[in-house]
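Visitor: The structure follows.
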Amino acid sequence: MKVLILSPHTDDAELGCGGSIFKFLNRGDDIYWIVFSTAEDSLPKNLPKNTLREEFIRVVQSLNLSSDNYSICNFKVRYLHEHRQKILDKLIEVRISFNPDLVIGPSVNDFHQDHQIVANEMIRAFKTTSSIISYELPWNHVTFNTQLFIKLNNEHISKKCSLLRNYQSQFLKNRLYFSKEYIYGIGTTRGIQCNSKYAEAFEVVRWMI
Ligand SMILES: [Zn+2]
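Whatever position you read off the sequence shown (first residue = 1), add 26 for the working numbering.
Take a look at the structure:
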């Protein structure tokens with residue numbers, strides 16, 4: 027299966043579906059991953075501008091992905107709305123070159139302004155060609171429909187934590203959703219809903235068989 031992962035910023039996809047990405051890779055699926063912003067303006071002032079980019083590259087390297095498997099754009103954080111058409115053009119380019127079976131991106135119920143842009147353009151670009159599901163980032167949602175579960179085992183959830191540990195800049199900002207307690211907590215909660223030790227939950231936008 028060919029899986030396209032969409033991250034408005036570095037770290038969104040790892041937080042929302044890091045265990046599933048690892049599971050897909052383990053079973054031999056083909057992954058292409060697009061990051062739209064390296065959020066240079068959200069970094070603590072003392073850190074170099076390329077910090078999040080470098081942290082993301084450590085993530086993809088630890089998954090044994092090559093530069094053919096990802097693309098990093100550098101749109102300004104919180105200003106993706108000014109680049110909506112360029113984002114759609116990029117998605118259409120990847121739809122033609124990669125032709126994914128499944129697209130995973132943010133939810134239309136996600137209230138982060140950049141996430142909303144990527145969610146909308148994702149649906150605009152892939153609504154007639156691919157299955158589309160949206161990952162869960164609870165701090166950004168008022169509602170989230172847990173319509174699809176990807177079951178995870180100990181190895182998957184542990185790898186999700188180790189992927190997130192690459193984002194030391196976010197630990198400096200005390201982001202609690204990077205903590206092991208949160209990752210295991212939400213993983214267990216979603217697992218209980220689908221009779222699995224752990225899971226990640228998704229909204230279904232389109233499902234094509
Ligand atoms: Zn984000």
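The C-beta atom is built at its ideal place from N, Cα and C for all residues, glycine as well.
Where does residue 13 sit, in a helix, a strand or coil, going by DSSP?
Guide: Here the chain comprises residues numbered 27 to 235, so residue 13 is not present and cannot be evaluated.
Visitor: Is the region 178 to 193 in contact with the region 59 to 75, if contact means three or more CB pairs nearer than 8 Å?
Guide: no
Visitor: Starting from residue 112, follow the beta strand (DSSP E) in both directions and report where the run begins and ends.
Guide: Where residue 112 is concerned, there is no enclosing beta strand (DSSP E), although the alpha helix (DSSP H) it sits in stretches over 110 to 124.
Visitor: Can you check which of these residues, 77, 229, 48, is closest to residue 198 by C-alpha distance?
Guide: Nearest to residue 198 by C-alpha distance, out of 77, 229, 48, is 77.
Visitor: Mind listing which residues have their beta carbon within less than 5 Å of any non-hydrogen atom of ligand 1? Chain order is fine.
Guide: 34, 35, 38
Visitor: Is it true that the region 33 to 49 meets the region 120 to 133, where meeting means three or more beta-carbon pairs spaced less than 8 Å apart?
Guide: yes
Visitor: Out of curiosity, what's the CA-to-CA distance linking residue 80 and residue 225?
Guide: 28 Å
Visitor: Whole angstroms are fine: how far does the CA of residue 175 sit from the CA of residue 181?
Guide: 17 Å
Visitor: By DSSP, does residue 68 sit in helix, in strand, or in coil?
Guide: Note: residue 68 maps to helix in three-state DSSP.
Visitor: State the DSSP-derived secondary structure class of residue 193, mapped to helix, strand or coil.
Guide: coil
Visitor: Quick one: what's got a C-beta closer than 8 Å to residue 118's C-beta in the same chain, skipping five residues either side?
Guide: So the list reads 151, once near-sequence residues are dropped.
Visitor: Suppose you measure from the CA of residue 167 to the CA of residue 87; what does that come to, to the nearest Å?
Guide: 30 Å
Visitor: Return the chain-ordered ranges of every beta strand (DSSP E) run that is complete within the region 155 to 199 and spans a minimum of 3 residues.
Guide: 157 to 161, 174 to 178
Visitor: Check whether the region 137 to 149 and the region 200 to 212 are in contact - that is, three or more C-beta pairs closer than 8 Å.
Guide: no
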